[in-house]
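Colleague:
Chains as they are written, first to last, in the working numbering: chain Z, 391 to 545; chain S, 514 to 743.
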């Protein structure tokens with residue numbers, strides 16, 4: 391648990407963006423994991439298993455709106471309306487602005503180090519859908535990054 | 514492999530080794546090689562951004578809690594936070610139907626984000642200039658020294674939260690809210706704060722300062738230095 395607590399906390403934080411709620415989420419998830427430890431068949435999968443529990447805890451308690459739709463129903467074009475706010479945004483704020491359907495796979499990939507196939511398994515969707523979401527999330531990030539470089543260099 | 518296919522692969526899994534065919538494409542395509550370098554740079558920025566500090570002793574608390582039920586003080590803390598929220602609502606008296614709702618919401622925003630007054634964050638004049646531009650305005654001169662800029666959740670979306678140090682050394686908060694139409698200028702006072710909300714072309718802005726005189730003075734300076742209907 392010690393080995394994973396930092397990654398779990400950061401994942402929880404970027405899901406809910408509240409440090410107190412994030413800690414509660416991680417604690418609740420770990421408590422749940424503790425009780426069902428015997429269900430974990432392969433210790434090598436512990437990290438993915440724990441992150442999935444954190445995600446489920448978040449979905450259960452803090453994101454009831456998710457239940458109104460499934461991941462695959464979401465319009466791929468629903469990236470945040472960044473253009474009117476593009477300048478001055480920090481990477482962290484762009485991440486926070488990403489719709490959950492894009493933010494989740496990005497966090498799982500960056501913080502968890504999982505592949506598209508693994509993320510697809512965790513989110514219960516197809517690998518192709520995960521790739522599309524990651525591509526679009528990074529397009530938004532890349533746009534912000536190049537804009538900020540241009541602002542700094544005055545080009 | 515086409516450039517489009519290469520870029521899709523790079524954007525989807527930038528931290529993995531490129532496939533042989535993608536590597537071969539990049540070796541022969543300077544534009545895609547430059548694209549890959551840009552993606553790698555933004556990945557490093559992403560890594561830095563996501564490294565939120567982890568609370569000290571988190572692992573110990575997790576292990577401790579796994580052996581004991583949630584202590585009563587946490588329940589009391591939760592109850593206290595609910596009481597505080599309700600009290601704050603009473604204190605500020607923010608009602609959606611009030612004639613000064615936007616001014617009061619601005620005060621509430623400042624009260625709920627006190628760190629904005631003690632933190633220097635993203636204090637980039639160019640970011641402010643760009644925010645003004647996104648409202649269809651243009652800035653002639655800064656209305657003070659910028660100390661804090663953050664994109665914050667506001668009603669129905671996001672707005673800019675900016676804190677200025679004014680020429681007389683006091684702090685004034687400016688909240689820019691896009692898209693929201695308000696019919697007239699509003700003023701409000703609550704909890705030792707004074708606010709003024711004014712409609713502009715792309716939405717409205719609200720100023721929050723310790724006194725009505727300070728709010729009015731900053732509003733005057735802001736209108737002199739920024740052309741909101743440029």
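We put the CB at the ideal spot given by N, CA and C, even for glycine.
Given the structure is predicted, the values throughout are model-derived calculations rather than measurements.
Given a cut-off of 8 Å on the beta-carbon distance, is the pair residue 708/S and residue 695/S in contact?
Modeller: no
Colleague: DSSP three-state call for residue 722/S: helix, strand or coil?
Modeller: strand
Colleague: Using the beta-carbon of each residue, which ones in chain Z are nearer than 7 Å to residue 632/S?
Modeller: Correct list: empty, because the minimum Cβ distance to chain Z is about 14 Å.
Colleague: Helix, strand or coil: how does DSSP classify residue 693/S here?
Modeller: coil
Colleague: Along the region 692-716 of chain S, what residues have a CB closer than 7 Å to any CB found in chain Z?
Modeller: So the list is empty, because no residue satisfies the distance condition.
Colleague: Cα separation between residue 397/Z and residue 540/S?
Modeller: 35 Å
Colleague: If you compare alpha carbons, which of 493/Z, 529/Z, 487/Z and 517/Z is closest to residue 484/S?
Modeller: An answer regarding residue 484/S cannot be provided, because it is not within the stretch 514 to 743 covered by chain S.
Colleague: Would you grab the beta carbon distance between residue 496/Z and residue 524/Z for me? Rounded to a whole angstrom, and I think it's under 8 Å.
Modeller: 6 Å
Colleague: Is it true that the region 622-631 of chain S meets the region 658-665 of chain S, where meeting means three or more beta-carbon pairs spaced less than 8 Å apart?
Modeller: yes
Colleague: Would the beta-carbon of residue 686/S fall within 8 Å of that of residue 645/S?
Modeller: no
Colleague: In chain S, which residues lie with their C-beta within 8 Å of the C-beta of residue 395/Z?
Modeller: 567, 571, 572 and 575
Colleague: Excluding five sequence neighbours on each side, which residues of the same chain lie with their C-beta closer than 7 Å to the C-beta of residue 619/S?
Modeller: Contacts found: 688, 708, 710, 719 and 721.
Colleague: DSSP state of residue 671/S, grouped into three classes?
Modeller: Residue 671/S falls in the strand class under three-state DSSP.
Colleague: Would you tell me roughly how many angstroms separate the C-alpha atoms of residue 640/S and residue 558/S, rounded to the nearest one?
Modeller: 18 Å
Colleague: Please classify residue 420/Z: is it buried, with 16 or more other beta-carbons within 10 angstroms of its beta-carbon, or exposed?
Modeller: buried
Colleague: Could you check which residue in 517/S, 530/S, 671/S and 638/S has the C-alpha nearest to that of residue 505/S?
Modeller: Since the first residue shown for chain S is 514 and the last is 743, residue 505/S is missing from the structure and cannot be characterised.
Colleague: So, are the CB atoms of residue 477/S and residue 656/S less than 8 Å apart?
Modeller: Missing from the structure shown is residue 477/S; chain S here goes from 514 to 743 and no further.
Colleague: What is the DSSP secondary structure of residue 699/S, reduced to helix, strand or coil?
Modeller: strand
Colleague: Whose C-beta lies closer than 6 Å to the C-beta of residue 716/S among residues of the same chain, with five residues either side of it excluded?
Modeller: 690, 691, 692 and 693
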